[in-house]
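Colleague: Numbering (our numbering), first residue to last: 897 to 1588.
Backbone N, C-alpha and C define an ideal beta-carbon position, used for all residues, glycine too.
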Amino acid sequence: MQSIQSIDIPSLVNSFPSRLFYACTKLQTINIPMNSQLISYGWNSLGLTLINTLFIPQKLKILAQGCTEYTNLESFTIHPENTEFRIENSIVISKDNVTILYPTKLTGHVNIPYGIVGIGGSSFSTCRFTSINIPNTVRTIGSYAFLATTLNEVIIPDSVTFIDMYAFCTPYLKKVTLSKNLTVLTEACFKGTQITEIEIPPNVKQIDNMCFTGCKLTVVYLPDSVKMLNGKIFDDNVEIKFGNNSNLYVNQDFLIMNKQNTTVIQHIGPNSNIQISIPSTVTTIGQNAFRDKTNLIEISFQPDSQLEVINEYAFFNCISMVFTRLPQTVKTIEGSAFFQCYKLQSISFPILTSIGKNAFQNCIGLTSADIQLSSVVTLDDYAFMGCKLLPSFNLPRNIKYLGISVFQDCIKLSKVLFQSTLISIKESCFQNCALDNVDLSQCTNLHDIPNRCFYNNANLQSITFPPSISTFGISSLSMTAITSFTATSNVNTISTKAFDGCPLLTEFIIDQDSVLTPSGLGVDVFRNCPKLRNITCLSQNFHVITSALFTPDDTILIIFPPASHVSSFGLPGTVKTFGEGAFSFCSNLQSVFIPSDSLTSISTRAFEGCTSLSWINIPICVQNIGNNAFKDCSNLLCGVKLENSTKAFISQIVPSSGLSKQALNSCRVQSCARGLPKTSLSYSTFVVIIVM
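1) Could you have a look at Q1171 and say whether DSSP puts it in helix, strand or coil?
2) Compute the distance between the beta-carbons of T973 and F951, then report whether it is under 7 Å.
3) Could you tell me whether the segment 1199–1209 touches the segment 1134–1154, using the rule of 3 or more Cβ pairs below 8 Å?
4) Compare the C-alpha of P1426 against each of G1397, N1355, S1492, F1058 and name the closest.
5) Which residues does DSSP list as the beta-bridge partners of R982?
6) In the DSSP assignment, find the unbroken alpha helix (DSSP H) run with A1478 in it and report its ends.
7) Assuming L1069 and L1043 are in contact, meaning their beta carbons sit under 8 Å apart, how far apart are those beta carbons, in whole angstroms?
8) Can you look up I1452 in the DSSP assignment and give me helix, strand or coil?
9) Beta-carbon within less than 6 Å of N1347's beta-carbon, same chain only, minus the 5 sequence neighbours each way: which residues are those?
10) Based on DSSP bridge pairs, tell me the residues matched to E1049.
11) G1011: buried (16+ other C-beta within 10 angstroms of its C-beta) or exposed?
12) Run the CB neighbour count on T1496, radius 10 Å, all protein chains shown included, and call it buried at 16 or more, exposed below.
13) Could you give the DSSP three-state label for L1560: helix, strand or coil?
14) Is it right to say I1516 is buried, meaning 16 or more other beta carbons lie within 10 angstroms of its own, or is it exposed?
15) Check for me: the alpha helix (DSSP H) holding S1385 runs from which residue to which?
16) Can you tell me whether M930 is buried or exposed? The criterion is at least 16 other CB atoms within 10 Å of its CB, across all chains shown.
17) Run through the DSSP bridge pairs and tell me what H1439 is partnered with.
18) Can at least three beta-carbon pairs, one atom from the segment 1017–1027 and one from the segment 1070–1080, be found at a separation below 8 Å?
19) Taking only the alpha-carbon atoms, compute the straight-line gap between G1591 and G1110 and give it to the nearest angstrom.
20) Looking at the structure shown, is S1415 part of a helix, part of a strand, or coil, going by DSSP?
21) Counting Cβ pairs, one atom from each stretch, are 3 or more of them under 8 Å apart for the segment 1161–1169 and the segment 1120–1137?
22) Tell me, which residues are paired with D1344 by DSSP?
23) Could you tell me if L1376 is buried or exposed, where buried requires 16 or more neighbouring beta carbons within 10 angstroms of its beta carbon?
24) DSSP three-state label for L1577, please.
25) Is Q1548 helix, strand or coil when you go by DSSP?
26) So, are the CB atoms of A1525 and I1498 less than 7 Å apart?
27) Counting C-beta neighbours from all protein chains within 10 Å, is the total for Q1171 16 or more, i.e. buried, or is it exposed?
28) Could you check the C-alpha separation between E1230 and Q1236 for me, to the nearest Å?
29) Assign K1543 to one of three DSSP states: helix, strand, or coil.
30) Please state if the CB of F1212 and the CB of S1232 are separated by a distance shorter than 7 Å.
31) Identify every residue that forms a DSSP beta bridge with T1180.
32) Is the Cβ-Cβ distance between I1015 and I1037 less than 7 Å?
33) I'd like to confirm the pairing. Which residues does DSSP put opposite C1283 in its beta bridges?
34) For the beta strand (DSSP E) that V1115 lies in, which residues bound it at each end?
35) Quick check on L1342: buried or exposed, where buried means 16 or more other Cβ atoms within 10 Å of its Cβ?
36) Check each candidate in S1242, D1277, P1166, F1446 and name the one with the smallest Cα separation from V1302.
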């Protein structure tokens, strides 16, 4: 796709999905017929192309934000009967009088027509004009509206009452005049601009995270109306001044506080090896309050601290910070609050109610975490991921949900106390831990063991499941030390590679009342299980012959146990195909006999890694041999009995199947036998040949 320069769109195509032609950097022309049925151009569907004009068909209703970002657009054309949009002053305008798109390559000045009530999200993003006139009919400016433009100066009329996030995030903007009727300045609204001064309107009550970070400001006066600063608003070197009647002030530790001393909004002091003391009256540490203060060495709390809320990113990346007397009064810890706080060693929050995503991720010094008595019901995604020294964890007594990768890479975590209230675990929750024993027997409302849940717990020998479990996800128990597994009554799915790399697994049992069927077994379930030798099935949904697992009608051989002592195996005449990797890594298997009029295909990787296999016949009934079917069969050097010796078939299977041409040649062995009669074996009924 990236090499195409021109494309004709059939008239019946009705949408361009998101990113359809994104980064097709040579695409210059898109030909859309007049009778096109297109109704939408999706987000970034044409981004980073070289198109210079775009047709808006009759039925088009949706022009998604950013659909033409970073293009060479010089103009739009529109079907005369399209009722959703019009073009005025080169701007695509909706029937609701909101600007939608502007040609990205046009330079100079933009004049927004009088009567326009809104500037839509990403309307002018990545455009190359330098100045703009916004009429006093405009009331709102959408997110990313002027993102990455070359706009130098803007006057926002007093008619505008709301500007959404990242609206003017552009490195070329040097001067801004704000509407006097704004009450909120949103997240990153002017982030990364070149402005050196800004007058905050007298009605602004709230300024959100990163609104003026990365600018050229040195001094900012905040009006008395400002009641809330949500996060890191300004860079650390910006001097912030408050009016006499403001509810905010800066204390001796360079903390922006409210005058009630209940909220720490932001630390604006130097990022150096200093200590910070939090007043006992503080109940809330604000968003981004100490974010990236990598050199602060200590933050201390008073014994009578009233702290209850730690907002997102509050101590993000405070890698040198020691926490002294972290209060047990905390009730809420939001996302990434302590992310990468290397020196945080111990936490105890008995009345905690919630923990956000990534809250303690990469706290590599954390050795104790006590929240068992809390009322937390959800440990959100990545909450304790990468806490490399955490040895044990008692889940909260009312826990219900464990998110994605909550304890992933907690490489010392060997003990977890599970509660009976647990009903859901998400993927990779305990991946790369050191668990040795898991008891889920009381979790009777738990139904799934998700993808990679216990992946690479190399010491995990014992795991007890409740009878409610129905699904084992992809690689859910891979690379553990379990020795036996039983598919109990409710188990209906064992997914791909569920037990991949379990070096001690010797036995797989399917209970008599198990609902598991062949379709519920994924590919490579027992890949790299070199000691698996016994497969026992009491269920009528399968058939076991010499520990090999078949479908009940014996037409598919699902898996042959890798550690089986059987050295020579003859397939039943009913078998038509193998499961993928059916015989893979069967190190004792030396020969396989395939009856005539039986097998039609040999599956992908069927005999991969069968290092002792030295003989096999492939009758004429075999029409296909999958890729790598004989990969790494190092002893299969010659003598493969291939009945279909046509050049076409040989070229199809050599070398893609792993067979070499030499393997198809007769083996030359010195023998004193003479005149041995030729024999012909025909299998019209079920036959199994086993040589021990």
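Modeller: Quick look at the numbers:
1) Q1171 falls in the strand class under three-state DSSP.
2) Their beta carbons are under 7 Å apart, which means T973 touches F951 by this criterion.
3) Verdict: no, contact absent.
4) Nearest of G1397, N1355, S1492, F1058 to P1426, Cα basis: G1397.
5) According to DSSP, R982 bridges with I989.
6) Element bounds for A1478: n/a, residue is neither H nor E.
7) Actually they do not touch by this definition, with Cβ atoms about 11 Å apart.
8) Correct three-state label for I1452: strand.
9) The residues are E1323, G1369, I1370.
10) In DSSP, E1049 forms a bridge with K1071.
11) For G1011, the number of other beta carbons within 10 angstroms of its own is below 16, and it is reported as exposed.
12) Classified as exposed, T1496 has fewer than 16 neighbouring CB atoms from the shown chains inside 10 Å of its CB.
13) Three-state result, L1560: helix.
14) In summary, I1516 is exposed, with fewer than 16 beta-carbon neighbours lying within 10 Å of its beta-carbon over all protein chains present.
15) Careful: S1385 lies outside any alpha helix (DSSP H) and carries neither H nor E.
16) Classification of M930: exposed, given that the 10 Å Cβ count is below 16.
17) F1446, per the DSSP bridge assignment.
18) As far as the Cβ criterion goes, the segment 1017–1027 does not touch the segment 1070–1080, which means the pair count is below three.
19) Any answer about residue 1591 is impossible in this case: the structure gives the chain only from 897 up to 1588.
20) In the structure shown, S1415 falls within a helical segment according to DSSP collapsed to helix, strand and coil.
21) With a cut-off of 8 Å, the segment 1120–1137 and the segment 1161–1169 count as touching, because enough Cβ pairs lie within range.
22) Answer is T1367.
23) In the sequence under discussion, the amino acid at residue 1376 is Thr, which differs from the Leu named in the question. With at least 16 other beta carbons inside 10 angstroms of its own, T1376 counts as buried.
24) Here the model assigns L1577 a pLDDT of 38, short of 50, so the residue's position is not dependable and the matter cannot be decided.
25) Reduced to three states, the DSSP call for Q1548 is helix.
26) Closer than 7 Å, so yes.
27) Exposed: under 16 other Cβ atoms inside 10 Å.
28) Put simply, the backbone Cα of E1230 is about 14 Å away from that of Q1236.
29) Helix at K1543.
30) Annotated as proximal: S1232 and F1212, with beta-carbon spacing under 7 Å.
31) Paired residues: T1159, V1205.
32) Less than 7 Å divides the Cβ of I1015 from the Cβ of I1037.
33) Beta-bridge pairing by DSSP links C1283 to no other residue.
34) Segment 1115–1118, the beta strand (DSSP E) holding V1115.
35) Counting Cβ neighbours within 10 Å, L1342 comes out buried, since at least 16 surround it.
36) Closest by alpha carbon: D1277.
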